Amino acid sequence: AQGPGGRVRALKVLSEDPAYGDAPTEGIRRVLEQELGIPLPRDVPLDTSSIESIRMGTTVATNALLERRGERMALVVTRGFRDLLRIGTQARPSIFQLAIPEPELLYEEVIEVTERLLPHRPTCDLPESGSLPVIQGSMGVSLVLQTPLDLGPLRQELCGVRDRGIRSLAVLLLHSYAWPEHEQRVASLAHELGFTHVSLSSSVAPMVRAVPRGFTACADAYLSPCIRRYLNGFQQGFRDRLQVRVTPYMGVPVLFMRSDGGLTPMDQFSGASSILSGPAAGVVGYAKSTYEEGDGTPVIGFDMGGTSTDVSRYAGAYEHVFEATTAGVTIQVPQLDINTVAAGGGSRLFFRNGLYVVGPESAGAHPGPACYRKGGPLTITDANLCLGRLLPEYFPYIFGPSENQSLAPSASSAPSASSAPSAPSAPSVEEVAMGFVRVANEAMCRPIRALTQARGHDTSRHILACFGGAGGQHACAIARALGMSRVVIHRHSGLLSAVGLALADVVHEAQAPCALPYEPESFPLLEQRIRELEWECRRALREQGYTEDQIHTDSFLHLRYSGTDFALMCSAKGHPVTATSCGAGDFLAAFLERYHQEFGFTLPSRPVLVDDIRVRGVGSSRCGARNLLPHSDGDPPVEKITQCYFEGGYRETPVFLLEKLGWGHSINGPAIVIDKHSTIVVDPGCSASITCYGDVSISVGSELPRPIGPELDPVQLSIFSHRFMSIAAMGMLWGSYGDAMGQLWGSYGDAMGMLWGCYGAAVSNAPHIPVHLGAMQEAVQFQLRTLGDDLQDGDVILSNHPSAGGSHLPDLTVITPVFISGTPSPVFFVANRGHHADIGGITPGSMPPHSQSLLEEGATFLSFKLVRNGTFQEEAVSAALLAPGSIPGCSGARSLQDNLSDLRAQAAANRAGAELVMELIRTHGLSCVQGYMQHLQDTAERCVRDLLRGFWSRWGPELEAEDSMDDGTPLRLRVTLNPQGSAVFDFTGTGPQVLGNWNAPRAVTLAAIIYCLRCMVGQDLPLNQGCLAPIRVLIPQGSILAPHPEAAVVGGNVLTSQRVVDVILKAFGVCAASQGCMNNVTFGSAHWGYYETVGGGAGAGPGWRGRSGVQSHMTNTRITDPEILELRYWEHWDVLGGTGIYWEILGGTGSTGIYWEQWEQWEQWDILGAMGYTGSNGGTGSNGGTGSTGIYWEQWE
């Protein structure tokens, strides 16, 4: 709290206490008591005459969402889309979890309303389209009114919902972002019928894409009534109930922090914008206090709490995202870009599979860590206490069953060190605790690298701003691991969210959809709409008492390249108006700069489109400057000397109280600085100084890393596991998975990155699409065998051929061998695989359902040097991609420039990943890095052997299963187990290859095996070559699983792979069969192609029901939002009725979709699926599923 003269009072109260009803009111009461010097009874409403303003953040909405304690609500949706949010993106949350949880939907009931709007195009070929009225929506969006809104039946259904006790509604009508009138009429009817809250998707999230907009509307309807009740209760604690301020000169302004880092008046605070209210205030706190405008050094925020750690970045402007998922609900509103990792002070500690594991399980507030004396588990807090980094005498006596005891150091060292993974010598308790702390530090470094390295920023050129109760104990070690040289810890770091509230600005945002190209002809309309939105923002801020000189606005355009779905919200700040730019700024220059930073290149000839216009109005905070401390001379006072454990053993460590330290005091590490709300550890080799504001600034010494040999150290193994996984994921985020160009990578997610050792053995991967598992290592090993000494530094290899480890031709694998000085052969490989929308062949999309040879399926690359001596071979690869056009009935790649852009992105992703591995090698040496690559493979092998031994003891040495394809081709499997944990997967008896395209290359079967093994292990383990080390695979040559090199295989990847998985899981008795295919839909013309997969059902198992309308097993791609594809594709999306049981447990069912042909250029539509005749197998003693049907209607004029 800030009093007269800028005096600051800092205090904490418990969020829940039986002594008072509301924590914020209690805090205000205590502050007023201190300021006024008089007692204020708790049962008497507070007088507000001494209060200038109140600023608050709250976790009410977040907690209600996490605990599912929001308002009962119903969803009103366009008829035919009742299951749209249930299906969502159709991707399952965890690809290796066979028991797929049902989505926790916020609504209780769904009401379908008769109405239909469709995007209007002159080439639209919809039946009767010529006679339908055309509506002009927002900013260039034209719509066809196919079906008028019918409120009659809706009235009856709303009355029924109301009578069942529901008073809150969310309304999601397709394309309401552009024309909200239908939603507004529904809202008027609902209010008339007595509904107390209605959230319109067109109001809470006026952006294209129905699924996230619908989720946002539901979240708002679910949470806003909770917010209103909380605010009403809060107002009861004040004499005038904090009446909403009607003029700048009446009432107490009460402002709440939104997820975007701006304050908003209490009456405008809503559920959808409040999810990150608490964390957002912390970001504002360090941004306003640590970032220095003149210096410009960017800052990483590091907020370590009890259950998780939040990281964020500030470089002079807040970094926002416009879609994020919290508690399983996707919210499409501006939010600060805060990445969370499940590692905090309360994270539990485990030894698993030879690895030190921290979290994600948490001890929670109750019982809390072991040292809380309530029987809780061991946590990071216990590890720090064991190491002497937390001092019980400086903690309040609030622990134990009666909450009157101190922390218990003995409980933190209770486990025997012998329970640690095997090592050359038994570790001490302190060494075990230190190991867990180091592993936790590495886990917390991963999201920081994702915010920096993955986006083209140098992590070492940042300041680490540490806050939160637990962060000070880890700040120096994390900064050192990331190469940072400075840590800043605010004087009130334990209360930094409150500091942020005091420093935050009041914000009003206005947004409008747009459907215009960014070109001179559109500039007048864009400029006019920006002016209108700016006026709206300024008016709202003036009404809150801000003058024009206190208000500034920032304008943004949501821009993307034509033909992609990846849009960037771009400000023209720093890009002034030019002769060829929009009058509001050079947004194109800003877009190209950001795009190049994300992906390493731009697309000069590609048109740029505007999806949305956004204006952010800011009323500058009127809080005063920070108070300066008096300069202190002499040495800082030492409270005591304690023993604290660091690398190498115990060190004498002086302890200081922050409140006794003044400006100018310096402290050399090791040292501990105690604050009322946090403990700061200054590591050896670091030095801390107190700034003029009382903050702790730590200079992190560049201490040389402790030498690590290639011999197995369980702690180092755990750390290297994190690093290798981070490298594999980094390549995906930086390049291919970030969607440089490909629709199928950015919104669809059909891509994967991996890291290999020098012999082509997989070390780590970023598992996104299971069918790529196992298959990619075959591709790398093939190139090693084929090219051998011809592999040169500066080469990048392109491959997709089934005999070269390919799965099907559209999956292009880009492999980069990495050399170091003095080595004649590669020391490791990085690679990624991404599905290209079209690479030629007989049908658009390169997924023909009736191909009979590989030549008909598109361009092939056996061992093609995409980059030679550092030069991208554009001419040669273009010729190869266009080569299928020389075959009768075939076309070359229909979107050549897209292919070239995607291939450049894949190569760039490999470069990023390779540089991260080289950084590891420079730090630890080649032999050490390669040694730990092998150790991780050995760890995976042990896990799989343990699994197989368990099945051997349970089921015996022989397991068998059989299934068949739709044409009757048998798939037979015999698994022979032994007590050593080895297994032979023998597919002898499987039918011969077919004159169709559901032949599957050997790599696909290997991918299916490794996927099934990982699912059956049931816990995290490194996915690498070690998983297959105990496995011998026998596949008869010439069979459907080992076809001739020129056999058609496009269906093997998407059909047969699923059936192989079903056969393996059936042999092990794990679960019933899935839908048995990926339901591939492709369409297009001579100039473009599109590819989509449709989720079906996942099989049930012992103790769990199957899941409907979801991707299963070997795929986990996301389906494209219906509004994005409305013009071209479906108009109806639903889940079928249930079929299939496993011991009376229902299996999952499929989805239905209706597709309309609406493009006159659309020349072909195909579906590639299976189970059309046979249906899926059930489990033991159960019925199977029904078959699938694909029907296409064509309307001819």
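If you count the sequence shown from 1, position 999 lands on 999 in the UniProt record's numbering, and the numbers rise without skipping.
Every residue, glycine too, gets a C-beta built ideally from N, C-alpha and C.
Please read all numbers here as calculations on a predicted model, not as lab measurements.
Beta-carbon proximity list for residue i, same chain, < 8 Å, skipping 5 on both sides
| i | result |
| --- | --- |
| I719 | R438, V439, E442 |
| P957 | T976, L977, N978 |
| D17 | A23, E26 |
| P409 | C371, L385, C386, P392 |
| T216 | S201, V204, A205, A272, T330, I331, Q332, V333 |
Residue from the options with nearest C-alpha to residue i
| i | options | result |
| --- | --- | --- |
| S605 | G563, A1067, I613, D611 | G563 |
| G1097 | K676, G346, S1112 | S1112 |
| R9 | I680, A1008, T290, Q34 | Q34 |
| G194 | Q783, T216, L158 | L158 |
| G968 | Q980, F951, L784, Q993 | Q993 |
| T1120 | H191, Q184, P212, E115 | P212 |
| L169 | I87, M73, E108, A19 | M73 |
| L1065 | F951, T939, S402 | F951 |
| T459 | A475, G471, A481, F467 | A481 |
Residue i versus residue j: straight-line alpha-carbon distance, rounded
| i | j | result |
| --- | --- | --- |
| Q597 | G456 | 6 Å |
| A961 | S1074 | 15 Å |
| V1033 | R974 | 10 Å |
| residue 1204 | Q1058 | Any answer about residue 1204 is impossible in this case: the structure gives the chain only from 1 up to 1197. |
| E67 | K374 | 23 Å |
| S964 | P1036 | 16 Å |
| G1109 | T1117 | 13 Å |
| P225 | H197 | 7 Å |
| L65 | E104 | 10 Å |
| A370 | Y397 | 15 Å |
| L349 | T340 | 19 Å |
| V299 | R313 | 6 Å |
| L501 | D220 | 23 Å |
| G494 | E915 | 37 Å |
| residue 1201 | G664 | Residue numbering for the chain in the displayed model covers 1 to 1197; residue 1201 lies beyond these limits and cannot be assessed. |
| S666 | A567 | 48 Å |
| C1077 | C1012 | 16 Å |
| L1146 | H120 | Note on L1146: pLDDT 39, under 50, position unreliable in the model; the coordinate value appears next. Cα to Cα, L1146 sits roughly 42 Å from H120. |
| F322 | L336 | 9 Å |
| G400 | E430 | 24 Å |
Cβ-based neighbour list, residue i, same chain, cut-off 7 Å, excluding 5 preceding and 5 following
| i | result |
| --- | --- |
| A1048 | S851, Q852, S853, L854, E856, E857, G996, N997, N999 |
| F523 | C582, G583 |
Cβ neighbours of residue i in the same chain (closer than 6 Å, five flanking residues each side left out)
| i | result |
| --- | --- |
| T553 | E534, C537, V615, G617 |
| P279 | D310, I338 |
| N668 | S687 |
| P810 | H835, H836, I839, S846 |
Residue-chain proximity (residue i, chain D), Cβ-Cβ < 9 Å
| i | result |
| --- | --- |
| S203 | Absent from the structure: chain D. Only one protein chain is present. |
Residue i burial status per 10 Å Cβ neighbour count (16 or more: buried)
| i | result |
| --- | --- |
| T147 | exposed |
| A317 | exposed |
| Q643 | exposed |
| A540 | buried |
| V577 | exposed |
| V696 | buried |
| Q1025 | buried |
| L628 | exposed |
| A1008 | buried |
| A365 | exposed |
Bridge partners - residue i, DSSP secondary structure assignment
| i | result |
| --- | --- |
| A567 | R560 |
| H631 | W663 |
| M304 | T309 |
| Y356 | F351 |
| H835 | D811 |
| G585 | C582 |
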